[in-house]
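Encoded as C-alpha cells, the structure appears first; notes follow it.
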Amino acid sequence: MTDDATAARRATIRDALGLGVAVGLYGAAFGAAAVAAGLDAWQACALSLLMFTGASQFALVGVLGAGGGVLAAVGSAVLLGTRNTIYGVRLVPLLRPRGGLRRLATAHLVIDESTALALAAPDPGNARLAFTVGGGSIFLGWNLTTLLGALGADALTGPWLAALDAVVPAAFLALLWPRLQRTSAEPGAQRRVALGGAVVALVLTPVVPAGVQVIAAVAAVALAGGWRR
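So the sequence shown is numbered by the numbering used here: it starts at -3 and just counts up by one.
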C-alpha cells in the first residue's frame, strides 16, 4: 500500500469515527424524548436497536407524545424512512454487499450519515470502509446513549439538550465543507447542489413535519440532476 493510499485510509477512518462519535451522542436526546412521550427505557432502546434511523424515531415518539395514535406514529416514521430507500439504491453499486446476512447488515446501517461518508470517500474501497466504520460507530454510540438518555431523561434539559441539537449539523458541515473547496471535483456544481438543497429545506421547515424537508430536498436535487443530464 502506497503512502497516499495509507494516508487516505487513515483520513477515512478519522472522519468516520469523528462523525460516528458526534452523531452517536445525539441518541441521548432520543432516549429522553422517548421517555417524555410515555415509553419506558427498554422500549426506547428497542426502537434504536431495530429501527435505527433518527428522524423516523423522533417522528414516532413525537406523534405519540402529542397524543397521536400508533398508526399515525408508524405512518410518520415510515414516510421519513423512505429516503433510506433512495440512499440504498445509490449505495448498492458502490458498496456491492454479497450474501444475505451482509446485505441485511448493510441495509440496517443505511442512514444519512453513513451514506454521506461513503459518497464522500475518494474511491470504492474507502467508501466501504467509511460506511462500515461510520455506520457501525454510530449504531453502537446511538444505542448506548439512548439508554443513558432514557435513564437520565430528567437531567437532559436546557443547555445540555441545546448542545446536543448543535452536534449533528456541525458534524455534517465538517463533512460537507471539503467537497465545496476549489480542489474538489466539480466544485461549482457541488456548491449549487448544496445551496439548492439547503434552500428547499429551509423554505419547507416551518410548514412541514420534521424530516419531510429532507426528503423534498433529496427529490429536488435528484430531479435537477436528471434535468442536467
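Think of the CB as a built atom: it goes at the ideal place given N, C-alpha and C, for glycine as much as any other residue. Predicted model, so just to flag it, every value in this text is computed and none were measured.
Query raised in the report: Based on Cα-Cα distance, which residue from Ala112, Gly71, Arg92 lies nearest to Ile134?
Result: Ala112
Query raised in the report: For the ligand NAD, is there a heavy atom less than 7 Å away from the beta-carbon of Ala194?
Result: The ligand content of the structure shown is nil, which means the ligand NAD is not present either.
Query - Secondary structure of Phe127, DSSP reduced to three states - result: helix
Query raised in the report: In terms of residues, what are the limits of the alpha helix (DSSP H) holding Leu115?
Result: 108 to 116
Query raised in the report: Alpha carbon to alpha carbon, what distance is there between Leu60 and Asp119?
Result: 42 Å
Query raised in the report: Using CA coordinates, which residue listed in Arg124, Thr81, Glu109 is at the minimum distance from Arg98?
Result: Arg124
Query - Three-pair Cβ contact test at 8 Å for the stretch 5 to 19 versus the stretch 59 to 75 - result: no
Query raised in the report: Around the C-beta of Thr2, are 16 or more other C-beta atoms found within 10 angstroms, so that it is buried, or is it exposed?
Result: exposed
Report task. For the alpha helix (DSSP H) holding Arg98, just list the boundary residues, first then last. Result -> 96 to 104
**Report entry** For Phe26 and Gly137, believed in contact at Cβ under 8 Å, the rounded distance
**Finding:** Not a contact, Cβ separation roughly 12 Å.
Query raised in the report: Is the beta carbon of Gly77 less than 8 Å from the beta carbon of Ser110?
Result: no
Query raised in the report: For Val203, which three-state DSSP category applies?
Result: coil
Query raised in the report: Applying the criterion that 16 or more other CB atoms from any shown protein chain within 10 Å of the CB defines a buried residue, is Val19 buried or exposed?
Result: buried
Query - Per-residue burial, Leu45 [other beta carbons within 10 Å of its own, 16 or more giving buried] - result: exposed
Query raised in the report: With 16 as the cutoff for other CB atoms within 10 Å, does Leu56 come out buried or exposed?
Result: buried
Query - Span of the alpha helix (DSSP H) around Pro89 - result: 66 to 91
**Report entry** Top-ranked residue by Cα proximity to Thr142, from Val199, Ile107, Leu21
**Finding:** Leu21
Query raised in the report: Out of curiosity, what's the CA-to-CA distance linking Arg92 and Gly84?
Result: 11 Å
Query raised in the report: How is the alpha helix (DSSP H) around Thr2 delimited, first residue to last?
Result: -1 to 21
**Report entry** alpha helix (DSSP H) segment containing Phe54, residue limits
**Finding:** 50 to 61
Report task. Could you spell out the range, first to last residue, of the alpha helix (DSSP H) harbouring Leu35? Result -> Careful: Leu35 lies outside any alpha helix (DSSP H) and carries neither H nor E.
Query raised in the report: At a Cβ threshold of 8 Å, is Ser110 touching chain B?
Result: Absent from the structure is chain B; it holds one protein chain and no more.
Query raised in the report: Of the residues Ala126, Gly63, Val66, Leu75, which one's Cα is nearest the Cα of Gly50?
Result: Leu75
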